[in-house]
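In this note's numbering, the protein residues as written are 1 to 115. Even for Gly, the Cβ is constructed at its ideal location relative to N, Cα and C. As the structure is a computational prediction, the values presented were derived from the model and not from experiment. Notes to accompany the following structure.
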């Protein structure tokens, strides 16, 4: 699991996340700053796993998660809200709480690869 898709509407957080993932040996192969582009990328791109911001400019990323579930792609949520959005499945997904440290990202990615 090396190629990661990032869905994040805050450009600074997306850049920080990309740097942190690189430090951990991952490669960000795609990113999307909004729901519309996230849905297209989630449907069409090749990647190993995804990190989803829960809220994209006020819109839930749940439709992206459902598409990833259909494709069998693992993902985790990164959120300042403290939990995955209601309706998420499975409920055992790792949730990375913002702001996060490199060690927390590393642990979440490990949990993701084991799920």
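CB of residue 64 within 8 Å of CB of residue 76, strictly: It is not a contact, given that the beta carbons lie outside the stated cut-off.
Where residue 68 falls: helix, strand or coil (DSSP): In this structure, residue 68 counts as helix in the three-state DSSP scheme.
Spatially closest choice to residue 57 from 114, 10 and 41, by CA coordinates: Taking only the C-alpha atoms, the option nearest residue 57 is 10.
Span of the beta strand (DSSP E), counted from its first residue to its last, around residue 49: From DSSP, the beta strand (DSSP E) with residue 49 extends over 49–53.
Extent of the continuous beta strand (DSSP E) run through residue 31: Counting along the chain, the beta strand (DSSP E) containing residue 31 begins and ends at 27–32.
Local Cβ density within 10 Å of residue 81, reported as buried at 16 or more and exposed below that: Residue 81 is exposed by the Cβ-count criterion.
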